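In this note's numbering, the protein residues as written are 910 to 1094.
What follows is one structure encoded as structure tokens, with my remarks underneath.
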Amino acid sequence: MIDDTLLEAEEKMDKAIEVAKEDFATIRTGRASAAMFTKIFVDYYGSPTPLQQLASFSTPEARTILISPFDKSSMVGIEKALRDSDLGVNPTDDGNVIRVVLPSLTEERRKDFVKLARTKAEDARIAVRNIRRRAKDELDRIAKDGEAGEDAVARAEKELEGLTKKRVEVIDVVLAAKESELLEV
910 MIDDTLLEAE EKMDKAIEVA KEDFATIRTG RASAAMFTKI FVDYYGSPTP
960 LQQLASFSTP EARTILISPF DKSSMVGIEK ALRDSDLGVN PTDDGNVIRV
1010 VLPSLTEERR KDFVKLARTK AEDARIAVRN IRRRAKDELD RIAKDGEAGE
1060 DAVARAEKEL EGLTKKRVEV IDVVLAAKES ELLEV
């Protein structure tokens, strides 16, 4: 029972870290990458569809990305979704592909993105701590019901604290990498 609780907490913490990494990937840096477009949805025949499902991406240059729609009739919708997104880009359409040139980031915009990254990291830390709290409540319930001895529960709580500390450190490392990427000129 204790092992199940710890395993479940560990899996949920790992998922929280993966979500944080995905969120960091959507924050734009000076370089173009397809990951920036993962959270953009296009109105495709009346239903919101992820841009990743409607087109392929290529990066011929560091700050340029070419979006090749599979269905040419979706180009107008893709262009509109890109303009309305928070990426701050102005896509151009040549009839076959949509070209997105990323403008250089100003110092102010870089600092805004760093703040956004820190907010997303704090959200991930909070998620990990909430998972720890739920697991600790479950361990306390196990001890109260007499399903396991107090020593076993105390050991499990110590292990849970170690898991939490490691996951928070991973989030901090990922945040530091994203900050350095954002601040490099």
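For glycine and all other residues, C-beta sits at the position ideal for the given N, C-alpha and C.
From a predicted model like this one, the values you see are computed outputs, not experimental measurements.
**Request:** Return the residue from the list ILE1035, LEU1092, LEU1048, GLY1055 that minimises the CA-CA distance to ASP1095.
**Result:** Beyond the ends of the chain as shown, which are 910 and 1094, falls residue 1095; an answer cannot be given.
**Asked** Roughly how many whole angstroms lie between the Cα atoms of ASP1081 and ARG992?
**Response** Walking along the sequence shown from the start, residue 1081 turns up at place 172. Walking along the sequence shown from the start, residue 992 turns up at place 83. Rounded to whole angstroms, ASP1081 to ARG992 spans 32 Å at the Cα level.
**Request:** Could you tell me how far apart the beta carbons of ALA964 and PHE979 are, in whole angstroms, since I believe they sit closer than 8 Å?
**Result:** Walking along the sequence shown from the start, residue 964 turns up at place 55. Walking along the sequence shown from the start, residue 979 turns up at place 70. With a Cβ gap of about 6 Å, ALA964 and PHE979 count as contacting.
**Asked** Leaving out five residues before and five after LEU1092 in sequence, what residues of the same chain have Cβ atoms less than 8 Å from its Cβ?
**Response** The residue you call residue 1092 lines up with position 183 of the sequence shown. The answer, listed in chain order, is ARG1019, VAL1023.
**Message:** Give me the residue from GLY1071, ALA1030, ARG1064 with the minimum Cα distance to ARG1041.
**Reply:** Within the sequence shown, residue 1041 is the residue found at index 132, counting from 1. The candidate whose alpha carbon is nearest that of ARG1041 is GLY1071.
**Request:** Could you work out which residue in GLU1016, GLY997, GLU988 is closest to ARG1008 when comparing CA atoms only?
**Result:** Here residue 1008 corresponds to residue number 99 of the sequence shown, with the count starting at 1. Closest option to ARG1008, Cα to Cα, is GLU988.
**Message:** Using DSSP's beta-bridge definition, name the partner residues of ASP1002.
**Reply:** Start at 1 with the first residue of the sequence shown, and residue 1002 comes out as number 93. Partner(s): ILE1007.
**Residue interval of the beta strand (DSSP E) (run including ILE976)** = Your numbering for residue 976 matches position 67 in the sequence shown. Start and end: 973-978.
**Request:** Tell me whether the beta-carbon of ALA929 lies closer than 8 Å to the beta-carbon of ALA1030.
**Result:** Working through the sequence shown from its first residue, we reach residue 929 at position 20. Working through the sequence shown from its first residue, we reach residue 1030 at position 121. Going by C-beta atoms, ALA929 is nearer than 8 Å to ALA1030.
**Prompt:** Where does TYR953 land, buried or exposed, given buried means 16+ other C-beta within 10 angstroms?
**Reply:** For the purposes of this step, residue 953 is identified with residue 44 of the sequence shown, where counting begins at 1. Classification of TYR953: buried, given that the 10 Å Cβ count is 16 or more.
**Asked** DSSP state of SER982, grouped into three classes?
**Response** As a first step, residue 982 is located in the sequence shown; it is residue number 73 there, counting from the start. Three-state DSSP puts SER982 in a helix.
**Contacts around LEU1025, its chain only, beta-carbon distance under 8 Å, and the 5 residues preceding and following it disregarded** = Along the sequence shown, one-based indexing puts residue 1025 at 116. If we look at LEU1025 and ignore the five residues flanking it on each side, its Cβ neighbours are ILE936.
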